[in-house]
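For the sequence shown, position 142 (counting from the first letter as 1) is numbered 142 according to our numbering, and the numbering increases by one without interruption.
All remarks here apply to the structure that follows.
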Amino acid sequence: MPTQDFESAKQRVFDLRTLLDKYSYEYYVKDNPSIPDSDYDKLYHELVALEEEFPDLVSNDSPTQRVGGTILPGFEKVVHEAPMLSLGNAFNEGDLLDFDRRIKKLTDQPFTYICELKIDGLAVSLKYENGKLVRAATRGDGSVGENVTQNVRTIKSVPLRLKQPYSIEVRGECYMPKDSFIKLNQEREENGEAIFANPRNAAAGGLRNLDPKQTAKRNLNTFLYTVGDFGELTAASQEDALNQLDGLGLRTNHDRRVFQTIEEVWQYTQEFQEKRSDLPYEIDGIVIKVNEFEVQEKVGFTVKAPRWAIAYKFPAEEAHTIIRDIEWSV
Ligand code: NAD
1 MPTQDFESAK QRVFDLRTLL DKYSYEYYVK DNPSIPDSDY DKLYHELVAL
51 EEEFPDLVSN DSPTQRVGGT ILPGFEKVVH EAPMLSLGNA FNEGDLLDFD
101 RRIKKLTDQP FTYICELKID GLAVSLKYEN GKLVRAATRG DGSVGENVTQ
151 NVRTIKSVPL RLKQPYSIEV RGECYMPKDS FIKLNQEREE NGEAIFANPR
201 NAAAGGLRNL DPKQTAKRNL NTFLYTVGDF GELTAASQED ALNQLDGLGL
251 RTNHDRRVFQ TIEEVWQYTQ EFQEKRSDLP YEIDGIVIKV NEFEVQEKVG
301 FTVKAPRWAI AYKFPAEEAH TIIRDIEWSV
């Protein structure tokens, strides 16, 4: 039974796309969102539901068919050899059970899940040639990003040289620690400058600054979480790959854990929902990935995201508490 007729759905789809395009521009280009992420997610999922109900309304330029941002003028463009994708979202236990069912329909091979913290920053790609950092780029629209090599070189935890002379491309999240964010906003307030809405926007503004000296002042950091081009590296699973990145001197997050069942995965998401305000950086959820690369390959991708991974997003009220907690702890 359709929830509404085609003509009113068409109008609503048009309105939602116009709104989502405006919010995406503010978020990805201006680094200055005007609504909370949870409100954006609600509108986005209303659009997904309408497009599922009325497939004739799907079009290439819909936000549901594209990955995030655009390229700022002033930065050299970088074409990603393998696209940098987004992730599907889950908001409750039912969504995770559906995710588990979908995967099991696509493969009958046994597999495990690896859970990682979803760091709230922006995705970066680091390219090493013979062990030397030669290029860093933002995700951009997923196919083309911005060359931010000079800026990334100011991040002290990013090795300029790996412990092995490998030629690989690794990807991860660039973020601003909570204490640096509070300090930055205090300074900006004192100087009469506009304050940043959250650490994610401050990190994005810092990384996408045309003056690397300004980036250096932001005290940015990174956690690497995936390999774009393996080069000399051989790994059978995500867990194995992350351990090897550690061995190369790249910074990974050590709260990752491997589980046999989706029920254990759910417990882990709830554990970190409780713990998130104690962490020194912001997380907005948990990323759940099929651990074994062989099974990942079988399960494959949609145009926008891998089918073998999903981002469980924490509920909205929690996000507001976090920001309040930061302010109170100053
Ligand atoms: P996403 O944030 O839902 O998830 C994908 C991203 O997660 C990856 O690109 C990566 O950067 C990050 N990530 C962090 N830790 C990771 C890990 N361990 N493994 C893999 N990835 C990890 O998707 P998105 O496309 O980056 O952004 C869409 C989201 O941005 C929306 O759901 C919304 O919450 C927010 N947004 C908000 C506004 C606004 O106006 N407030 C506008 C546009 C988008």
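Heads up, the beta-carbon is just placed ideally off N, CA and C, and yes, glycines get one too.
1) Any idea which residues DSSP pairs residue 145 with across the strands?
2) When burial is assigned at 16 or more other CB atoms within 10 Å of the CB, is residue 160 buried or exposed?
3) Decide yes or no for the touch test of the stretch 290-305 against the stretch 73-91: beta carbon pairs closer than 8 Å, at least 3 of them.
4) Taking the alpha helix (DSSP H) that residue 241 belongs to, which residues open and close that run?
5) Residues in its own chain within less than 6 Å of residue 78 by CB, not counting five upstream and five downstream?
6) So, at 8 Å on beta carbons, what are the nonlocal neighbours of residue 319 in its own chain, with the 5 sequence-adjacent residues on each side left out?
7) Report whether the distance from the Cβ of residue 155 to the nearest heavy atom of ligand 1 is below 7 Å.
8) In the stretch 88-130, which residue ranges form an unbroken alpha helix (DSSP H) of at least 4 residues, counting only runs that do not cross its ends?
9) If you compare alpha carbons, which of 151, 181, 116 is closest to residue 273?
10) Would you grab the beta carbon distance between residue 13 and residue 72 for me? Rounded to a whole angstrom, and I think it's under 8 Å.
11) Closer than 8 Å is the cut-off here; do at least three beta carbon pairs connect the stretch 123-134 with the stretch 286-303?
12) The beta strand (DSSP E) that contains residue 173, what's its start and end?
13) Taking the beta strand (DSSP E) that residue 221 falls in, what are its first and last residues?
14) Rounded to whole angstroms, how far is the Cβ of residue 63 from the Cβ of residue 142, which I believe are closer than 8 Å?
15) With respect to 7 Å, is the separation between the Cβ of residue 119 and the closest non-hydrogen atom of ligand 1 below this value?
16) Counting C-beta neighbours from all protein chains within 10 Å, is the total for residue 31 16 or more, i.e. buried, or is it exposed?
17) For residue 101, count neighbouring C-beta atoms within 10 Å of its own C-beta (all shown protein chains included) and say buried if the count is 16 or more, exposed if not.
18) At which residue ranges does the stretch 255-293 contain complete alpha helix (DSSP H) runs of 4 or more residues, listed in the order of the chain?
19) Cα separation between residue 271 and residue 172?
20) Which residue from 288, 190, 182 puts its Cα closest to that of residue 225?
21) Using only alpha-carbon positions, find the residue among 189, 29, 41, 179 that is nearest to residue 277.
22) Any heavy atom of ligand 1 closer than 7 Å to the CB of residue 35?
23) By the 10 Å Cβ neighbour count, where 16 or more other Cβ atoms means buried, how is residue 314 classified, buried or exposed?
24) Please report the distance separating the alpha-carbon of residue 16 from that of residue 61.
25) Looking at the structure shown, is residue 135 part of a helix, part of a strand, or coil, going by DSSP?
26) Put residue 216 into one of helix, strand or coil per three-state DSSP.
27) Taking 7 Å as the limit between beta carbons, can you name the residues of its chain near residue 300, skipping five residues before and five after?
28) Judging by CA-CA distance, which residue of 205, 250, 212, 235 is the nearest neighbour of residue 222?
29) Can you tell me which of the three DSSP states residue 208 falls into?
30) Roughly how many whole angstroms lie between the Cα atoms of residue 67 and residue 158?
31) Find the nearest neighbour of residue 170 within the set 286, 255, 205, 248, judged by alpha-carbon distance.
32) Count the other C-beta atoms from every protein chain shown that fall within 10 angstroms of the C-beta of residue 189, then say buried if there are 16 or more, exposed otherwise.
From the atom records:
1) For this step, residue 145 is matched to residue 145 along the sequence shown. Partner(s): 78.
2) Residue 160 sits at position 160 when you count from the first residue of the sequence shown. Answer is exposed; the Cβ neighbour count stays below 16.
3) yes
4) Taking the first residue of the sequence shown as position 1, residue 241 is located at position 241. Unbroken alpha helix (DSSP H) run through residue 241: 238-247.
5) Counted from its first residue, the sequence shown places residue 78 at position 78. Here the set comprises 137, 145, 147.
6) For the purposes of this step, residue 319 is taken as residue 319 along the sequence shown, with counting starting at 1. At residue 319 the pLDDT is 45, less than 50, meaning the model places this residue with poor confidence; the figure from the coordinates comes in the next sentence. If we look at residue 319 and ignore the five residues flanking it on each side, its Cβ neighbours are 36, 37, 38, 284.
7) Residue 155 sits at position 155 when you count from the first residue of the sequence shown. Not under cutoff, so the answer is no.
8) 93-106
9) For the purposes of this step, residue 273 is identified with residue 273 of the sequence shown, where counting begins at 1. Answer by Cα proximity: 116.
10) Here residue 13 corresponds to residue number 13 of the sequence shown, with the count starting at 1. Here residue 72 corresponds to residue number 72 of the sequence shown, with the count starting at 1. Residue 13 to residue 72, Cβ: 29 Å. No contact.
11) no
12) Within the sequence shown, residue 173 is the residue found at index 173, counting from 1. Per DSSP, residue 173 belongs to the beta strand (DSSP E) from 168-175.
13) Residue mapping note: residue 221 aligns to position 221 of the sequence shown, counting from 1. Here the beta strand (DSSP E) through residue 221 covers 221-229.
14) Numbered from 1 along the sequence shown, position 63 holds the residue referred to as residue 63. Numbered from 1 along the sequence shown, position 142 holds the residue referred to as residue 142. The Cβ separation is near 13 Å, so there is no contact.
15) The residue labelled residue 119 in the question sits at position 119 within the sequence shown. Because some heavy atom of ligand 1 lies under 7 Å away, the Cβ of residue 119 counts as near it: yes.
16) The residue given as residue 31 occupies position 31 in the sequence shown. Residue 31 is buried by the Cβ-count criterion.
17) Against the sequence shown, residue 101 aligns to sequence position 101. Counting Cβ neighbours within 10 Å, residue 101 comes out exposed, since fewer than 16 surround it.
18) 262-275
19) The residue labelled residue 271 in the question sits at position 271 within the sequence shown. The residue labelled residue 172 in the question sits at position 172 within the sequence shown. Looking at the two C-alpha atoms, the distance is approximately 23 Å.
20) Position 225 of the sequence shown, counting from 1, holds the residue named residue 225. Minimum Cα distance to residue 225 is reached at 288.
21) As a first step, residue 277 is located in the sequence shown; it is residue number 277 there, counting from the start. For residue 277, the nearest C-alpha among the options comes from 179.
22) Taking the first residue of the sequence shown as position 1, residue 35 is located at position 35. Residue 35 Cβ: within cutoff of ligand 1.
23) Taking the first residue of the sequence shown as 1, we reach residue 314 at position 314. Under this definition residue 314 is a buried residue.
24) Within the sequence shown, numbered from 1, the residue matching residue 16 stands at position 16. Within the sequence shown, numbered from 1, the residue matching residue 61 stands at position 61. When rounded, the distance between both Cα atoms is 13 Å.
25) By one-based count along the sequence shown, residue 135 stands at place 135. Three-state DSSP puts residue 135 in a strand.
26) On the sequence shown, residue 216 is found 216 positions in, with the first residue counted as 1. Helix at residue 216.
27) Sequence index remark: in the sequence shown, residue 300 carries index 300 (1-based). Cβ within range, chain order: 307.
28) The residue labelled residue 222 in the question sits at position 222 within the sequence shown. The shortest C-alpha separation from residue 222 is found at 250.
29) Looking up residue 208 in the sequence shown gives position 208. Coil at residue 208, not helix or strand.
30) Along the sequence shown, read from residue 1 onward, the residue named residue 67 stands at position 67. Along the sequence shown, read from residue 1 onward, the residue named residue 158 stands at position 158. The alpha-carbon atoms of residue 67 and residue 158 are separated by roughly 25 Å.
31) Locating residue 170 in the sequence shown gives position 170, where the first residue counts as 1. Taking only the C-alpha atoms, the option nearest residue 170 is 248.
32) Taking the first residue of the sequence shown as position 1, residue 189 is located at position 189. When all chains shown are included, residue 189 counts as exposed.
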